[in-house]
Amino acid sequence: MTIAASAAPSAVDHVIGGHGRGRTAALACGAAAAGIGVAVIVGWLADIAALRSLAPGFPDMKLVTALGLVAAGASLMLLATRAHGALAQAFAALALAAGALTLAQYLFGLDLGIDRWLADPTGSPHPGRMPLFAAIELVLLGAALLALDARSPAARKSAPWLAQAAAVVSVVMLMGYAYAVSSLYHPSSNSSPVALHAALAFLLLAAGTLLARPERGPVAQVMADDAGGRLLRRLLPAALLMPPLLGWLYLQGRAAGLYGPELGIAVYAAVTVGVLALLVWGAAGEARRHDARQRAAEARTAVQLARLGLLAHITRAIGARHDLHSIFQVVVRSLEDHLPIDFGCVLLHDAAAGTLTVDAAGARGARLADQLGLQEQAQLAAEGDGLGRCLQGELVHEANLQAVPLPLAQRLAGAGLQALVLSPLAVEGKSIGLLAVARRSPGSFSSGDCEFLLQLGGHVALAAHQARLRDALQRAYDELHRSQQTAVQQERLRALGQMASGIAHDINNAISPMTLLTEHLLAHERGLSESGRESLGHIARSVDDVAATVARMRDFYRQRDARMPMAPMDLNRVVQQVVDLTRARWNDMPQQRGIVIGLHTELAPAPPRARGVESELRDALVNLVFNAVDAMPDGGRITLRTAATPAGGACVTVSDTGCGMDDDTRRRCLEPFFTTKGDRGTGLGLAMVYGMAERHGATLDIASEPGRGTSFVLGFPPSPDTSASDAPQAAASTNQPAPMRILLVDDDPMVLSTLKIMLEIDGHHVIEANSGQEGIDAFERELAGGPGVSVVMTDLGMPYVDGHQLARRVKALSPSTPVLLLTGWGAQGLRGEANGGEHIDIVLSKPPKLGDIRHALLRAGGQC
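Using numbering that gives the first Met the number 0, the letters of the sequence shown correspond one by one to residues 0 to 863.
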């Protein structure tokens, strides 16, 4: 079925065409008037009386009048064609001047000589002078022609009024000839009578002036394509012609003696009333027909607007959805509610299988769908029942399904459906399916409905195509985003690891004196108060945590060393330390804002023990407490709980009553750099907790609901008995090595000074050097003339000559001298050499412990 829109001329086309015809008529009027003037001039020059007066007994047209007609006609023709505007104005001015000068002669009794061109054989007192009415006409028409295209809007508005005044004067003169009343064209004995053809020429010029600019003035109203214009075109000719015609007939009947004055007037009035009644009756009929056409057009427009509104509504609705099924459901249900239809469904085409699958069916027609076997996911053969034509892009409209022998049509008719429309869903010439709608009444789909459904099919197909493209693009984007995130995170972790190795040296150097001094004070300073000793213990633990944190930063980009030192941990003691370390964050700072956060501990009676690194566990618990505080901006409760597991392990729980997490946040919270805190968070806290759990072989369980808080449970495996393996190390660390001569090399003055003090307290003789080259020089001096050096203890990262170069030189001079390397770079600083390589005997990480230094010296001296 092909739907075509019929084209009809618009109102604009009518008006434009009317304007063109008006200017053509103006051109004809100007040419006729000028032609009359030229004929009269020829009549005077050739002495042809018929050209001067038209008929014997009629007045002659004066030569000056004829010249004025020629000038005015020429001006009108030029203005009608919009050519030579200056010349047109000149001709108009010439006609105006001729009329104005003659009028001045009549008014002021002058004799300017312009009327002596030709003697008047009738014996007029002013031979050759144009009549008074002719002068008035030329003045009116000349002024109208000059004002027609004037720059001033007021002047342009006056042109139609001047032309109408000239037309009235012309009609008066013609009425005088028609009714044989000479005073109407010869008002005074002081003036010549106006010739009949002069009055006709003036009327033509007046009409032509009005028609020359049909878009302005009264002609614009007459030519308008509206009810007023049509009424004017119907009534105006009768209104202008009927009264003069009836008057002429009345006079002719009187002259023939057919009736007296009373009867004639009665007949005149009756005929006038009858004609006017007929005109009004006809105008009323035309108005009624126009109103009927207008109402029909408005009804069609309303239907079209409703269809457009429905199309826009469906388009907006499907534009807000991104999956095909919801798009098709919106379409079918909108048609059920607003078109309306009794049954509708959308079928998707599978070209490979040659089938159509019902993707969406209307809710109103659900019972019919079950009856017809067209419920969602039902399948039909694509080529049968006329569906193939629709899949090829053709709209199928069956007005009466009873008369269609196809199985699908008979199935629909059996369910009470009589009218069917199948609209193709195709994009770029490729069919993706079809839209099927049906009604119970036969012939109930109009051509407008079919056109609407065809347009809707195009919109739906485009939306479906865009939804598929959007899905494919979203999948590609998600995959790309995941790849980019992985690459970015890997790069950030790699950069973090490189940065960690760079800053480790500086941080470890900075905290090495603190470690040694606090350890010394705790071990040897007997006069410390209990609170002072406790504070020093906090400082020592904090310094250890800093060192452990710096070391763990490398674990984000590479596996931790399998030889990570593990030791038994007292979970109750670690929890209590975390409470003390975080007190300012959960107690003091919230109270400054008027917020109360309570932290409670529920510790197992028998301290659960696990094997691991206390500093890492402490750091992880601190992070969990900080997160809990951030999750309770209005206050709440934090609980730290320890317990032994039935399997012999241990667990630590940190729970809060904060805002909680939704499922997506809970799944992603352990990802590095994922944070819900905006600029306040780094996204590394929970990732570090997860890394700690992985390194300790522990489990991390998270329970959280929005608005109901969060619980983190760290579960540690059973800890084997390691007391035997730990005892030798502990015992060894308490042994004191015999006094030695130690060459101490470090470029950090504070580290160098602190180590020297600690070693001298233990009874060693220390030779210090603050650079690698100075250490080589000191070793060579001691080797050449001194008692020698028992141990060389050197830093790794030093300018010009580093620890490796120093060790290589020492071993070259004295292979038996032990070299003990102190490094703040971690394992990376060894440049791939194994611990205790060919030049280095022992490696200690900064910040060093006194026990570690003593144990290393015992090993170097062969005492353990």
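Quick reminder that beta carbons are idealized off the backbone N, C-alpha and C, glycines included.
This structure is a prediction, so every number in the text was calculated from the model and none was measured.
Query raised in the report: Taking all protein chains shown into account, do 16 or more other C-beta atoms lie within 10 angstroms of the C-beta of ASP322, making it buried, or fewer, making it exposed?
Result: exposed
Query raised in the report: Excluding the five sequence neighbours on either side, which residues of its own chain have a C-beta within less than 6 Å of the C-beta of ALA605, listed in chain order?
Result: none
Query raised in the report: With distances taken from CA atoms, which of ALA133, ARG81, ALA466 is nearest LEU95?
Result: ALA133
**Report entry** CB-CB length for LEU598 against TRP585, believed under 8 Å
**Finding:** 5 Å
Report task. Quick one: grab the DSSP three-state call for PRO423. Result -> strand
Report task. Put ILE40 into one of helix, strand or coil per three-state DSSP. Result -> helix
Requested in this report: May I have the straight-line CA-CA distance separating GLY850 from PRO736, to the nearest angstrom?
Outcome: 11 Å
Report task. Would you list, in sequence order, the uninterrupted beta strand (DSSP E) runs of no fewer than 3 residues that lie entirely inside the stretch 592-639? Result -> 596-601, 608-611
Query raised in the report: How is LYS848 classed by DSSP in three states: helix, strand or coil?
Result: coil
Report task. Check whether the Cβ atoms of GLY696 and PRO716 sit closer than 8 Å, and answer yes or no. Result -> yes
Report task. State the Cα-Cα distance for the pair LEU367 and PHE342, rounded to the nearest angstrom. Result -> 7 Å
Query - Residues of its chain near ARG540, where Cβ-Cβ distance is below 7 Å and the 5 sequence neighbours each way are ignored - result: GLN576
Requested in this report: In angstroms with no decimal places, state the Cα-to-Cα distance between GLY56 and GLY67.
Outcome: 24 Å
Query raised in the report: In the structure shown, what three-state DSSP assignment does ILE760 receive?
Result: helix
Query - Beta-carbon separation (whole angstroms), THR656 vs ARG640, contact threshold 8 Å - result: Actually they do not touch by this definition, with Cβ atoms about 14 Å apart.
Requested in this report: Buried or exposed for ILE326, please, with buried defined as at least 16 other CB atoms from any protein chain shown within 10 angstroms of its CB.
Outcome: buried
Query raised in the report: GLU767 bridges to which residues according to DSSP?
Result: LEU743
Query raised in the report: When the Cα atoms are used, what is the spatial distance from GLY708 to GLY353?
Result: 55 Å
Query raised in the report: For GLY19, which of helix, strand or coil comes out of DSSP?
Result: helix
Report task. Name the two residues that bound the continuous beta strand (DSSP E) containing LEU347. Result -> 342-349
Report task. Put GLY372 into one of helix, strand or coil per three-state DSSP. Result -> coil
Query raised in the report: For PRO798, is the classification buried or exposed, using 16 other Cβ atoms within 10 angstroms of its Cβ as the cut-off for buried?
Result: exposed
Query raised in the report: Does the stretch 298-305 come within contact of the stretch 329-336, defined as at least 3 CB pairs closer than 8 Å?
Result: no
Query raised in the report: Hey, would you say GLY246 sits closer than 8 Å to TYR178, going by beta carbons?
Result: yes
Report task. Give me whichever residues DSSP pairs with MET568 in a beta bridge. Result -> ALA609
Query raised in the report: DSSP three-state call for PHE555: helix, strand or coil?
Result: Confidence is the limiting factor: at PHE555 the pLDDT is only 46, short of 50, which leaves the residue's position unreliable, though a coordinate-based value still follows. In this structure, PHE555 counts as helix in the three-state DSSP scheme.
**Report entry** Rounded straight-line distance, which links the Cα of PHE673 to that of ALA462
**Finding:** 35 Å
Query raised in the report: Quick check: the stretch 73-93 against the stretch 134-152, are there 3 or more CB pairs under 8 Å?
Result: yes
Query raised in the report: Does the count of Cβ pairs from the stretch 389-404 and the stretch 441-451 closer than 8 Å reach three?
Result: yes
Requested in this report: State the Cα-Cα distance for the pair GLU832 and SER844, rounded to the nearest angstrom.
Outcome: Low confidence applies here, because GLU832 scores a pLDDT of 43, under 50, leaving its location unreliable and the question unanswered by this model.
Query raised in the report: Leaving out the 5 sequence neighbours to the left and right, which residues in its chain are closer than 8 Å to SER770 when beta-carbon positions are compared?
Result: VAL744, ASP746, MET797, PRO798, TYR799, VAL800
Report task. State buried or exposed for ARG292, treating a residue as buried only when at least 16 other CB atoms are found within 10 Å of its CB. Result -> exposed
Query raised in the report: With C-beta atoms as the reference, is LEU202 less than 8 Å away from SER169?
Result: yes
Report task. Measure from the C-beta of ASN399 to each C-beta in chain D and report whether the shortest distance is under 8 Å. Result -> Absent from the structure is chain D; it holds one protein chain and no more.
**Report entry** Local Cβ density within 10 Å of ARG306, reported as buried at 16 or more and exposed below that
**Finding:** buried
**Report entry** Residues of its chain near ASP543, where Cβ-Cβ distance is below 6 Å and the 5 sequence neighbours each way are ignored
**Finding:** SER614
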